[in-house]
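K.L.:
Questions regarding the structure given below will be posed in turn.
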Amino acid sequence: MSIAATQKRGFGAVLWDYLTTVDHKKIAQLYLIAGGIFFLFGGIEAMLIRIQLIKPDNDFVSAGTYNELITMHGTTMIFLAAMPLIFALMNVAVPLQIGARDVAFPFLNSLGFWLFLFGGLILNCSWFLGGAPDSGWTGYAPLSTTSPGHGVDYYVIGLQIAGAGTLIGGINFLVTVVNMRAPGMTYMRMPLFTWAAFIASVLILFAFPALTVGLFLLMFDRMFDTAFFDVSLGGNTIVWQHLFWVFGHPEVYILILPLFGVFSDVFSTFAKKRLFGYTAMVFATILIAFLGFMVWAHHMFTVGLGPVANTIFSLATMAIAVPTGIKIFGWLATLWGGNITINSAMLWALGFIPSFTIGGMTGVMVATVAADYQYHDTYFVVAHFHYVIVGGTIFGIFAGLHYWWPKMFGRILHEGLGKLTFWTFFIGFHLTFFIQHFLGLMGMPRRYWVFHAGDHLETGNLISTIGALFMAFAVIVFVINVIVTARGPKAPDDPWDGRTLEWATASPPAHYNFKQTPLVRGLDPLWIEKMDGNGKITPAEPLGDIHMPNGSFLPFLFSLGLFISGFGFIYQTDNKAWLIVMIGGLAFSAAMMFVRSMKDDLGYHITKEELEREAD
Amino acid sequence: MKGWMGKFRALSLLGLLALVLAGCGRENLTALKPKGYGAETSLHLIILTTVVMSLVLLVVAIVYITVLIRFRKKKGKEDFIPKQVEGNRTLETVWTIIPIILLIIIAVPTTIATFDLASTKGEKDHLNVEVTGNQYWWHFNYKGEDIQTSQDLYVPTGEKVYLNMKSSDVIHSFWVPSIAGKMDVNPENENTMYIEVNEEGVYWGKCAEFCGPAHSLMDFKIIAVSPDKFDQWVSDMKDVDPDAVAGSKTAKEGEKLFQDNNCMGCHAVGSSPVQVGPNLTDFGNRTKVAGVLDNTKENVVDWIMDPDSIKPGNKMSGNYPELSKDEASKIADYLMELKPSKVTPESAGE
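Chains as they are written, first to last, in the working numbering: chain V, 1 to 616; chain P, 1001 to 1350.
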């Protein structure tokens, strides 16, 4: 574990190392820690929501606080937990899987992380500075434009900054995959996780600008008295919904596609088989991404767009079931005839199949427009999207973490605790969300602070809350696992008998990843070498000097400038003196950009001699 | 692992049992026992898609369980290396085409139902009600009838009623699960949907679009009565003389207090249109106070004394002079006597 290895240098040095690092593996750790902490925040919010709904007409939290909780739970889980945890996996695996020494833009990689972190911090500062946003994670106008206090301002500014970080991160992975692949690593030899990360990055590139635009309009309405969403002045509130879902629908594929990649890698590794129908799986992924952009208005079936629009979006949405089905059957066929090892990583992947199939099945159901008039905005939809986001994304993140933990930290997570985590989470998950399908149909709209005694919704809500307690317990076990594992034995370089290039490096890899860039001779390159009896990857180049980028404190400072400026933006509506903070922060960030542009930073070289001295 | 599996079974059984005990939810609130045309249409599609999708789930489950039983690592064969299969064109084609066929089976009735439910063909020949969504109450204006009500919407059974819906503030959504699917109520444009109720009854309505602190308390009712009773109700509601209502002494005092304390600034009794607060013409006949409390005098008094404790964020709190309990009680007496029609929720079988 690199933290342990560097501890000899003292806390200050380690801290400085992480504040300035541009190494994708350390940035992955940063994403994991930050995303993990936000995941705990989001989880606590979820538990408070479930406690409030444990019995009818409960007054555990007030209506206002409840609305803040649901808003922050959704926003936190999507933007501050799921996205960074996915970025953690992408950072740890993508460069290694394509045989690269780093990402294309190491500096931007760090900048992306710090922007996300400071954006998330702004958002969460709202809890302590006068109230969190309370207009739902979707922030529908005019509820969001007219919401009193500064909660929604925090939402706008926080998401804008975090979103910029995500966009930068996405672009970085696009360029990395296009430009940094090792010799022989053609597109059709890339592991499915890299493929999925690549396609998710395309989605980020096209979807996040829509969010950016939407947030700008909302920001100007709230802070500078424009009227984009003010109907009395000629604005239109439906425009927000279109902008939000043009981003928001692709976002759910950004959240699931990389994990489809994780499952593909995990299944083929632990079934000891190459992925069944590789080409079809790749094209199914591309097709899902493409269709993901065409269907945003299925979130708006009840808005009153008319039957023509509703039908078109309904049918387009159903069509996504076809490539998704191809993937599900592709995974099953991968397992078929395999020699399957079931360990914690594999358990999450196996648990995903029935869970996600149910989520996909209810997905087609909610796409059925005239039936959706009943499902829309009820607990049926809550159940559906938790089935896909938890049953897909969160299961996938856990699978990926158990799978790549040895690569990230040089340790293998404890198997017994891993299985305990899985089973309690899996049971809790189905207990919580399955029954919510029925709650919705029985007349429980989502975002309800209370339901009434006598509405026959008591039992379902009680069971749901009990399930949530199971999930909370599972997460605590996972945290214990991480702590226990940190003192555990060191992991071998290739603990799972892996098939892809990341398992050809040390655990954890050296900061330059590969001493010599590997030569890729086909799909599952490490497996090919193993089958040929080499056991080691053939290098594509003679041993030579390696060029490495220098660390930099500028990304942290740049993000800090925007963080400070954010408070200026938020509070200048109360007192114009805050304009100084707003402009000052922006100027500071601009100065950091100037420094970055003017200073020649050519990095450094690890010489051939140094590499030769290191043990092989 | 066996122990966990056992626990899982026990828990799923418990869940299933609970579901059976709970039935399909509260009569006249659940979408699973439709009492109106829209809800029936939706339920047919819900059942169709559930059946089709369950078939898919079944196939996946069979393959999945088979895989888990047959292809787990076995003792003595730990080092077995399976055949590295590339793919199978036939299989892949089959699992592409079958889902497409299944989707077409769903898509056709979906399209027909969608156009059916959006049809406005008979709008002119039927009753039209202007619905206004407000934080956190509903207003109904019967077009061409000069009738204004709030919270309780009376409709005749067996007839189409067209609802022209608009919001006065944020977005709401009109939803009576057992009658029809929901339709958003937007501030910028009028959305139209029709409802058709099959049998008499009081149906629970909810606001389904997140609209602020009291979102979960924005309840309303559809009261469906036979066409005869509905005609009776219409004629009763047309000739309401607000001043002639109060009978008892306290109610008369209450009426005066109601006027003196500027309640009329927001509320109206009779058929004058309202801007800020609910129309109170038939308050005495209402099923609920503020949408959520039983219509008893104590509840009315509590509501008048401190609305915010019952419905957080409502626009009545703090907008009238403070009242003593005695004054509130008199106003309550007056309001409870506002019963212009003999056709009440009770006559719908409640």
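We treat Cβ as the ideally placed atom computed from N, Cα and C, and that holds for glycine.
1. Between L543 (chain V) and E612 (chain V), is the Cβ-Cβ spacing less than 8 angstroms?
2. Mind pulling the alpha helix (DSSP H) runs of 4 or more residues that sit fully within the segment 585 to 611 of chain V?
3. From which residue to which residue does the beta strand (DSSP E) around D1184 (chain P) run?
4. Does DSSP put I394 (chain V) in a helix, a strand or coil?
5. For K1160 (chain P), which residues does DSSP report across the bridge?
6. Based on Cα-Cα distance, which residue from V:I570, V:G120, V:A289 lies nearest to E251 (chain V)?
7. May I ask you to report which of helix, strand or coil DSSP gives C125 (chain V)?
8. Compute the distance between the beta-carbons of H1267 (chain P) and L1280 (chain P), then report whether it is under 8 angstroms.
9. List, in chain order, every chain V residue whose beta-carbon is nearer than 8 angstroms to that of V1085 (chain P).
10. Taking the alpha-carbon positions, what's the P1307 (chain P) to L1335 (chain P) distance?
11. Name the residue from V:A590, V:T607, V:S552 whose alpha carbon lies nearest to the alpha carbon of T21 (chain V).
12. Would you say H1126 (chain P) lies against chain B (beta-carbon separation less than 8 angstroms)?
13. By a C-beta neighbour count over all protein chains shown, 10 Å radius and 16 as the cutoff for buried, is K1311 (chain P) buried or exposed?
14. Among V:L560, V:H547, V:F588, which has the Cα closest to the Cα of A100 (chain V)?
15. What residues from the segment 1187 to 1207 of chain P come within 9 angstroms of chain V, judged by C-beta to C-beta, listed N to C?
16. Within the same chain, show all residues whose beta-carbon is closer than 6 angstroms to that of S559 (chain V), passing over the 5 residues directly before and after it, in chain order.
17. On the criterion of 16 or more Cβ atoms from any shown chain inside 10 Å, does G410 (chain V) qualify as buried, or is it exposed?
18. Say whether chain V places a C-beta atom closer than 8 angstroms to the C-beta of H1215 (chain P).
19. Is it true that the CB of V1155 (chain P) sits closer than 8 angstroms to the CB of I1222 (chain P)?
20. Whole alpha helix (DSSP H) runs in the segment 1301 to 1338 of chain P with 4 or more residues, listed along the chain?
21. Please list, in chain order, the chain V residues whose beta carbon lies closer than 9 angstroms to that of A1413 (chain P).
22. Going along the chain, which residues of its own chain have a beta-carbon closer than 8 angstroms to the beta-carbon of V388 (chain V), five neighbours each way excluded?
23. At what residue ranges does the segment 503 to 547 of chain V contain a whole run of the alpha helix (DSSP H), taking only runs of 4 or more?
24. On a CA-only basis, which of P:I1304, P:N1164, P:D1326, P:M1264 is nearest T1120 (chain P)? Give me that one, please.
25. Out of P:T1114, P:A1328, P:E1123, P:W1138, point me to the one whose CA is closest to G1254 (chain P)'s CA.
26. Could you tell me which residues DSSP puts in a beta bridge with A1268 (chain P)?
27. Is the segment 200 to 211 of chain V in contact with the segment 167 to 175 of chain V, if contact means three or more CB pairs nearer than 8 angstroms?
28. Evaluate contact between the segment 331 to 342 of chain V and the segment 387 to 406 of chain V, counting only Cβ atoms and requiring at least three cross-stretch pairs below 8 angstroms.
29. State the Cα-Cα distance for the pair V1184 (chain P) and P148 (chain V), rounded to the nearest angstrom.
30. In its own chain, which residues sit with a C-beta less than 6 angstroms from the C-beta of D17 (chain V), not counting the 5 before and 5 after it?
31. Quick check on this structure: which residue in P:M1218, P:A1107, P:I1147 has the alpha carbon closest to the alpha carbon of E1130 (chain P)?
32. Taking DSSP as the reference, what is the three-state secondary structure of L1127 (chain P)?
33. Starting from Y571 (chain V), trace the alpha helix (DSSP H) in both directions and tell me its first and last residue.
34. Would you call F228 (chain V) buried or exposed, if buried means 16 or more other Cβ atoms sit within 10 Å of its Cβ?
35. Contact defined as beta carbons within less than 8 angstroms: I believe P518 (chain V) pairs with A504 (chain V). What is the distance between those atoms, to the nearest angstrom?
36. Can you look up T378 (chain V) in the DSSP assignment and give me helix, strand or coil?
P.N.:
Inspection of the coordinates gives the following:
1. One-based indexing of the first sequence puts residue 543 (chain V) at position 543. One-based indexing of the first sequence puts residue 612 (chain V) at position 612. Yes, these two residues count as a Cβ contact at 8 angstroms.
2. none
3. The residue given as residue 1184 (chain P) occupies position 184 in the second sequence. Here the beta strand (DSSP E) through D1184 (chain P) covers 1180 to 1185.
4. As a working mapping, residue 394 (chain V) is identified with position 394 in the first sequence. Residue state, collapsed to three classes: helix.
5. Working through the second sequence from its first residue, we reach residue 1160 (chain P) at position 160. DSSP, once it has assigned bridges, lists P:E1196 as partnering K1160 (chain P).
6. Here residue 251 (chain V) refers to the residue found at position 251 when the first sequence is read from its first residue. Measuring from the Cα of E251 (chain V), the nearest candidate turns out to be V:A289.
7. In the first sequence, residue 125 (chain V) corresponds to position 125, counting from 1. Reduced to three states, the DSSP call for C125 (chain V) is helix.
8. Locating residue 1267 (chain P) in the second sequence gives position 267, counting from the first residue. Locating residue 1280 (chain P) in the second sequence gives position 280, counting from the first residue. Yes; because the gap between Cβ atoms is below 8 angstroms, this pair is in contact.
9. Along the second sequence, read from residue 1 onward, the residue named residue 1085 (chain P) stands at position 85. Going along chain V in sequence order, the residues near V1085 (chain P) (Cβ under 8 angstroms) are K273, R274, F276, A333, G337.
10. Sequence index remark: in the second sequence, residue 1307 (chain P) carries index 307 (1-based). Sequence index remark: in the second sequence, residue 1335 (chain P) carries index 335 (1-based). So the two alpha carbons sit approximately 16 angstroms from each other.
11. Locating residue 21 (chain V) in the first sequence gives position 21, where the first residue counts as 1. That would be V:S552, whose Cα lies nearest to the Cα of T21 (chain V).
12. In summary, chain B is missing from the structure at hand, where the protein chains are V and P.
13. Locating residue 1311 (chain P) in the second sequence gives position 311, counting from the first residue. Result: buried.
14. For the purposes of this step, residue 100 (chain V) is taken as the residue at position 100 of the first sequence. Considering only alpha carbons, the answer is V:H547.
15. P1187, E1188, N1189, E1190, N1191, T1192, M1193, W1204, K1206, C1207
16. As a position in the first sequence, residue 559 (chain V) is number 559, starting the count at 1. Excluding positions up to five away in sequence, the list reads W114, L115, F118.
17. Residue mapping note: residue 410 (chain V) aligns to position 410 of the first sequence, counting from 1. Result: buried.
18. What you label residue 1215 (chain P) is simply residue 215 of the second sequence in a count that begins at 1. Closer than 8 angstroms to some Cβ of chain V, the Cβ of H1215 (chain P) qualifies, so yes.
19. Residue mapping note: residue 1222 (chain P) aligns to position 222 of the second sequence, counting from 1. Residue mapping note: residue 1155 (chain P) aligns to position 155 of the second sequence, counting from 1. Result yes, Cβ atoms of I1222 (chain P) and V1155 (chain P) sit closer than 8 angstroms.
20. 1307 to 1310, 1325 to 1336
21. As shown, chain P starts at 1001 and ends at 1350. That puts residue 1413 (chain P) outside it, with no answer to give.
22. What you label residue 388 (chain V) is simply residue 388 of the first sequence in a count that begins at 1. Hits under 8 angstroms: V252, I256, F356, G359, G360, G363.
23. 525 to 531
24. The residue labelled residue 1120 (chain P) in the question sits at position 120 within the second sequence. For T1120 (chain P), the nearest C-alpha among the options comes from P:N1164.
25. Looking up residue 1254 (chain P) in the second sequence gives position 254. Taking only the C-alpha atoms, the option nearest G1254 (chain P) is P:A1328.
26. The residue given as residue 1268 (chain P) occupies position 268 in the second sequence. P:N1279, per the DSSP bridge assignment.
27. yes
28. no
29. Looking up residue 1184 (chain P) in the second sequence gives position 184. Looking up residue 148 (chain V) in the first sequence gives position 148. Reading off the sequence shown, one finds Asp at residue 1184 (chain P), where the question assumed Val. About 23 angstroms.
30. Translated into positions along the first sequence, residue 17 (chain V) becomes position 17. None.
31. As a working mapping, residue 1130 (chain P) is identified with position 130 in the second sequence. If we check each option's Cα against that of E1130 (chain P), P:I1147 comes out closest.
32. As a working note, residue 1127 (chain P) is residue 127 in the second sequence. L1127 (chain P) falls in the strand class under three-state DSSP.
33. Translated into positions along the first sequence, residue 571 (chain V) becomes position 571. Y571 (chain V) -> alpha helix (DSSP H) spans 554 to 571.
34. Numbered from 1 along the first sequence, position 228 holds the residue referred to as residue 228 (chain V). F228 (chain V) should be labelled buried.
35. Here residue 518 (chain V) refers to the residue found at position 518 when the first sequence is read from its first residue. Here residue 504 (chain V) refers to the residue found at position 504 when the first sequence is read from its first residue. The pair is a contact, with the Cβ atoms about 6 angstroms apart (cut-off 8 angstroms).
36. By 1-based counting over the first sequence, the position of residue 378 (chain V) is 378. In this structure, T378 (chain V) counts as strand in the three-state DSSP scheme.
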